[in-house]
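**Q** Once you've had a glance at the structure underneath, I'll fire off some questions.
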Amino acid sequence: MKKRALFICVHNSARSQMAEAWLNNICGEYFEAQSAGLEPGTLNPLAVQVMAEAGIDISKKKTQAVFDVFVSGQLFAYVITVCDEASAEKCPVFPGPATRLHWSFPDPSEVQGSETAKLEQIRLIRDQIRAKIEQWCEEVCLQAAAS
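Listed below in structure tokens is the structure:
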């Protein structure tokens, strides 16, 4: 049975969406990922673009409120917040028995500059998220094999 993971950020428009997509893509045989936000907005088109460059289509994804996920009664083995600690973002708390983790990534909606500069920064964030997912999947799989 797959373990369920929920990624949470403020708007569910970029970071949590990318993390969900990466986990489902990299470790989909072990995990089922979902994402939500405290104040869901619209999907960040630059996040959609950089994920497409990596071969993952998130263009049809919808943003959703973490409250809606909570009241639906869904249970998760892991709840992972991906808000940016450096900018003191308010990151929502999801109650329940899940293992809670926090991974701090910059907010793509706060990236300044030309579209080219924004894309470069969002690609870096995408790649940081992918690297963290790969590292975490390896750790979790090693722990599972050891037990």
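Under our numbering, residues 63 to 209 are what the sequence shown spells out, in order.
Beta carbons: idealized from backbone N, C-alpha and C, even for Gly.
Pick from A193, I70 and Q111: whose alpha carbon is nearest that of K180?
**A** Ranking A193, I70 and Q111 by Cα distance to K180 puts Q111 first.
**Q** In chain order, what residues of the same chain lie with their CB nearer than 7 Å to the CB of I184, ignoring the 5 residues before and after it?
**A** Only L108, A109, V112, P170 and V173 meet the Cβ criterion.
**Q** Using a Cβ-Cβ cut-off of 7 Å (strictly less than) and excluding sequence neighbours within five positions of M80, which residues of its own chain qualify?
**A** So the list reads A109, M113, R188 and I191, once near-sequence residues are dropped.
**Q** With respect to the beta strand (DSSP E) encompassing F93, which residues constitute its N-terminal and C-terminal limits?
**A** From DSSP, the beta strand (DSSP E) with F93 extends over F93 to G99.
**Q** Express the C-alpha separation of E101 and C71 in angstroms, rounding to a whole number.
**A** When rounded, the distance between both Cα atoms is 9 Å.
**Q** Whole angstroms are fine: how far does the CA of K122 sit from the CA of A193?
**A** Roughly 24 Å separates the two Cα atoms.
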